[in-house]
Amino acid sequence: MAKMGADGLGPFRLGIVTGGARFSPSCPPFILTVCLVSMAKIRILPDRIASRIAAGEVVERPASVVKELVENALDAGSGKVDILAEVGGKKLIRVLDDGEGMTRDDALLAFERHATSKLETADDLEHIATLGFRGEALPSIASVSKVLLRTKTRDEPVGTEIEVDGGKIRDVRDCAWDRGTEVIVHQLFFNVPARRKFLKSDATELFHITNLVTHYALAYPRVAFSFRHGTRRLIDVTPVETLNERAYQLFGAEFLNTLMELDHRFEHIRVFGFVSRPNAARTNREAQYFFVNGRFVKDRLIGAALNESYRAILPSGMYPAAILFVELPPEDVDVNVHPAKAEVRFRRAAKVKATIVEAVHNAIATTKPVKDLARSGERTPWMGDRHTEGPKMRRASIEAFRLQAPLAPPTRPPRQPSMDFGFQRRAPQSGERATPPSPARTTATPAAPSTDQTDVPSPRPWGASTEITISPQCTKRPPLGTSDDVDVAPHSIRPLGQVHDSFIVALSDNGLLLIDQHAAHERILYEKFREAVRRRTVEVQSLLIPEVIDLSPAQAATFDRLRAELEAMGFSLGQLSGRSIAIKAMPADIPVEEGRALVLEILEVAEQEKRTDSLEKLRDRLAASMACRAAIKINTPLTEEKMRWLLQELFQADVPSNCPHGRPTVVRMTTREIARLFDR
């Protein structure tokens, strides 16, 4: 123990002196005490500030408010939950339920921090069966907004109305009310301007709310959910008995038909729900819904297990749709690891992951993956993703063509109008069925077939084909337009023919060119669409019979945001009842049969861009999607005239070297490089 000095100050006097205090040893003790207090750097924050800081952990955006209020409604045993939002939830959020309600005393306690009816002891944390349990939701929301609460139990004669402004209770009064609770949140973050400044656009915030309500509607099929944004009703589902019925209510029959049902158990773990067929994958993860014991979560382990299950089936950048539920004993999962309870921690994580993988594998095993996507207009596996490896070449696969007329180099012509590649460009007339396009026939005469029984015919003028080995240096050709390439004049290019009706072989002054006909046409159409949208001169074709599309809640919210852009691109879209829309007209360059898929793809692209505020970037992505749908497909024979048009248009494009998605359009082999193949 430190010894006290003669004046009773002891070590305190020494600390003050060595710390630079300017008081003499004869200072009275009370003066030194005041000095010590004034030097303290740590202080207790006022409740007003502490509440706002704590609210930041729970209330991140308008969707966070909806989440907490909907969870309270479900915990109260509600059979119907009605949600209303205005201006993306920034101006107003209202959640109305028909649950058990609260007494006046309970309603007042609900605005006190850490006041809850769901926990009594620390051991209860091991067996949580409710969505909420911390007692932070209402006080956190009330501290950063203006809240009006109305509630009533079955037994009370009148209801209770409480008005809270920035965490302070302004008024408590009786009200006429039916059983249940209504919470109205006005002006979220009105007293935290820094947080309000970081909110995203109204459309983005609306998307998050819609996505959240969709999750809980899936998790609780026996509860009716209604969600309106202003006067637009985005979700309206009645109680049903099964998950299958609820998925149909939310997404429609078309989406449901792409799913496979699964239900698998291992020990005390159950995994059930739906996953998509391999040929119905998407370019984002927006259609993945994960639940643990009825709680909506964003769990990395479940996502990793799902990706692992599809790793050998889907190309890079493609993701399955999934509605996955994991059920296990409450003591085997910790839900108290995230401020918003959006993440969980499994006690037996490896077993949970293995159970999910096995469940998905079993579901996939019941269906045959689609290996040939050429019929649907997609790339075949050997065309594949940029990151996938094509098959080994067994024989030379370039067919020689004997053209009927010599190809004299023409003079450079001006840009020609779009070439008709045989697609159905018009809507079917009355009493007429839409038929698929008949493939165009090339005027070039192929060489006589070889008697060699191989998959690829050998070109007659080159003699009998043999096994060949191509060096890595020759298989990795730089695309046209790289630094080691030279300019190619359109008039100097002569088409020779096609490889597998997918790649054009052309001759230039300096060697050989291989052109991806789909990617090349994509580039041409992309620049045409962008220019037409900029000039507002998009050519339009009207449909005799409008195409009706049923949208999911998230797609409906995206459509509301994107409708003006779609119309600027040449679409005429009508709003029907519920979440249905009708395509009345579309760009003339788009095949009629591609209209439905294109609109859905555009909405998917827009969902991917929802976090960006760049309208130009979004327009680029939409134009790229339109170009991809309208471009000639692989496995399409082309006449010499069409090949000429395609090459001339490509090399007059602003960026001829790549398609809008970044894939190369042209690969060049110089005469010198060809000679090296023959050791010359």
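End of the sequence shown sits at 679 in numbering that gives the first Met the number 0; the numbers just go up one at a time, nothing left out.
C-beta: ideal position from N, C-alpha, C; glycine also.
Endpoints, the alpha helix (DSSP H) within which residue 189 is located: Mapped onto the sequence shown, residue 189 falls at position 190. From DSSP, residue 189 is part of no alpha helix (DSSP H); its letter is neither H nor E.
Where residue 160 sits in the DSSP three-state scheme: The residue given as residue 160 occupies position 161 in the sequence shown. Strand, per DSSP.
Cβ-based burial, residue 512 [other Cβ within 10 Å; buried from 16]: Numbered from its first residue, the sequence shown carries residue 512 at position 513. Counting of Cβ neighbours within 10 angstroms places residue 512 among the buried residues, the total reaching 16 or more.
Residue range of the unbroken alpha helix (DSSP H) whose run includes residue 525: If you number the sequence shown from 1, residue 525 lands on position 526. Unbroken alpha helix (DSSP H) run through residue 525: 516-534.
Residue 659 to residue 669 span [Cα, whole Å]: Indexing the sequence shown from 1 puts residue 659 at position 660. Indexing the sequence shown from 1 puts residue 669 at position 670. Between residue 659 and residue 669, the C-alpha separation is close to 26 Å.
Same chain, Cβ closer than 6 Å to residue 275, neighbours up to 5 away in sequence not counted: If you number the sequence shown from 1, residue 275 lands on position 276. Taking C-beta separations shorter than 6 Å and ignoring five residues to either side along the sequence, the partners of residue 275 in its chain run 257, 258, 319 and 320, following chain order.
Exposed unless 16 or more other CB atoms sit within 10 angstroms - verdict on residue 376: Mapped onto the sequence shown, residue 376 falls at position 377. Because residue 376 sits at a pLDDT of 38, beneath the cut-off of 50, its placement in the model cannot be relied upon, and the following sentence gives the value as read from the coordinates. Here residue 376 is buried: its Cβ has 16 or more other Cβ atoms, across all protein chains shown, within 10 Å.
Neighbourhood of residue 300 by C-beta distance below 7 Å, restricted to the same chain and skipping five residues each side: Numbered from 1 along the sequence shown, position 301 holds the residue referred to as residue 300. Contacts found: 345, 348, 351 and 352.
DSSP-derived helix/strand/coil call for residue 214: Mapped onto the sequence shown, residue 214 falls at position 215. Correct three-state label for residue 214: helix.
Any alpha helix (DSSP H) of 4 or more consecutive residues that is wholly inside the stretch 264-351: Correct list: 299-309.
Sub-7 Å separation of residue 682 and residue 273 beta-carbons: This structure leaves residue 682 out entirely; the chain is present only between 0 and 679.
Bridge-paired residues (DSSP) for residue 232: Taking the sequence shown and counting its residues from 1, the one referred to as residue 232 is at position 233. Answer by DSSP bridge pairing, in chain order: 227.
Straight-line Cα distance separating residue 537 from residue 151: Along the sequence shown, read from residue 1 onward, the residue named residue 151 stands at position 152. Along the sequence shown, read from residue 1 onward, the residue named residue 537 stands at position 538. Each residue's CA atom was taken as its position, placing residue 151 and residue 537 some 58 Å apart.
Residue 634 - DSSP class collapsed to helix/strand/coil: The count along the sequence shown starts at 1 and reaches residue 634 at position 635. In this structure, residue 634 counts as coil in the three-state DSSP scheme.
Bridge partners - residue 82, DSSP secondary structure assignment: To locate residue 82, count along the sequence shown from 1; it is residue 83. According to DSSP, which records beta bridges pairwise, residue 82 is partnered with 94 and 226.
Whether residue 552 touches residue 581 by CB criterion (7 Å): For the purposes of this step, residue 552 is taken as residue 553 along the sequence shown, with counting starting at 1. For the purposes of this step, residue 581 is taken as residue 582 along the sequence shown, with counting starting at 1. In this structure, residue 581 does not lie closer than 7 Å to residue 552 by Cβ.
First through last residue of the beta strand (DSSP E) which encompasses residue 641: As a position in the sequence shown, residue 641 is number 642, starting the count at 1. Note, residue 641: premise wrong, no beta strand (DSSP E); alpha helix (DSSP H) at 639-649.
Residue 172 to residue 147 span [Cα, whole Å]: Reading the sequence shown from its first residue, position 173 is the one you call residue 172. Reading the sequence shown from its first residue, position 148 is the one you call residue 147. So the two alpha carbons sit approximately 11 Å from each other.
For residue 312, the nearest candidate out of 268, 328 and 359 (CA to CA): Mapped onto the sequence shown, residue 312 falls at position 313. Minimum Cα distance to residue 312 is reached at 359.
Cβ-heavy atom distance, residue 79 to the ligand NAP, below 6 Å: No copy of the ligand NAP appears in this structure; indeed no ligand is present at all.
Range covered by the alpha helix (DSSP H) that runs through residue 616: Position 617 of the sequence shown holds residue 616. Looking at the DSSP string, the run of the alpha helix (DSSP H) that includes residue 616 is 614-629.
Residue burial classification, residue 576 (beta-carbon count within 10 angstroms, cutoff 16): Counting from 1 along the sequence shown, the entry for residue 576 is found at position 577. By the neighbour-count definition (other C-beta atoms within 10 Å, threshold 16), residue 576 is an exposed residue.
8 Å contact criterion, which residue 224 and residue 216 should meet: CB distance rounded: For the purposes of this step, residue 224 is taken as the residue at position 225 of the sequence shown. For the purposes of this step, residue 216 is taken as the residue at position 217 of the sequence shown. So it is a contact: roughly 4 Å between Cβ atoms.
Proximity below 7 Å, CB of residue 584 to CB of residue 541: By 1-based counting over the sequence shown, the position of residue 584 is 585. By 1-based counting over the sequence shown, the position of residue 541 is 542. Yes.
Supposed contact pair residue 218 and residue 290 - C-beta distance, whole angstroms, cut 8 Å: In the sequence shown, residue 290 corresponds to position 291, counting from 1. In the sequence shown, residue 218 corresponds to position 219, counting from 1. Contact annotation, residue 290 with residue 218: C-beta distance approximately 5 Å; criterion of less than 8 Å satisfied.
Alpha-carbon to alpha-carbon, residue 594 and residue 75: Here residue 75 corresponds to residue number 76 of the sequence shown, with the count starting at 1. Here residue 594 corresponds to residue number 595 of the sequence shown, with the count starting at 1. Computed Cα separation, rounded: 45 Å.
Local Cβ density within 10 Å of residue 627, reported as buried at 16 or more and exposed below that: As a working mapping, residue 627 is identified with position 628 in the sequence shown. With a 10 Å radius around the Cβ and a threshold of 16 neighbouring Cβ atoms, residue 627 comes out buried.
Buried or exposed (CB count within 10 angstroms, at least 16 for buried), residue 283: Position 284 of the sequence shown holds residue 283. Looking at its Cβ environment, which holds fewer than 16 other Cβ atoms inside 10 Å, residue 283 is exposed.
Reference residue 184; option with closest CA among 329, 548 and 64: For the purposes of this step, residue 184 is taken as the residue at position 185 of the sequence shown. Selected option, being the one with the closest Cα: 64.
Residue of 665, 106, 71 and 57 minimising C-alpha distance to residue 702: Here the chain has residues from 0 to 679 only, and residue 702 is not among them.
Secondary structure of residue 361, DSSP reduced to three states: The count along the sequence shown starts at 1 and reaches residue 361 at position 362. DSSP places residue 361 in helix when its eight states are reduced to three.
Residue 375, DSSP secondary structure in three states: Sequence index remark: in the sequence shown, residue 375 carries index 376 (1-based). Caution applies to residue 375, whose pLDDT of 38 falls short of 50 and renders its modelled position unreliable; the value that the coordinates give is listed next. DSSP places residue 375 in helix when its eight states are reduced to three.
Residue 657, DSSP secondary structure in three states: Indexing the sequence shown from 1 puts residue 657 at position 658. Note: residue 657 maps to strand in three-state DSSP.
Residue 40 to residue 111 span [Cα, whole Å]: Sequence index remark: in the sequence shown, residue 40 carries index 41 (1-based). Sequence index remark: in the sequence shown, residue 111 carries index 112 (1-based). Here the alpha carbons of residue 111 and residue 40 stand approximately 29 Å from one another.
Beta-bridge pairing of residue 502 - partner residues as DSSP gives them: Residue numbering aside, residue 502 sits at position 503 when the sequence shown is read from its first letter. In DSSP, residue 502 forms a bridge with 498 and 515.
Coarse secondary structure for residue 594, derived from DSSP in three states: Counting from one through the sequence shown, the residue named residue 594 turns up at place 595. DSSP places residue 594 in helix when its eight states are reduced to three.
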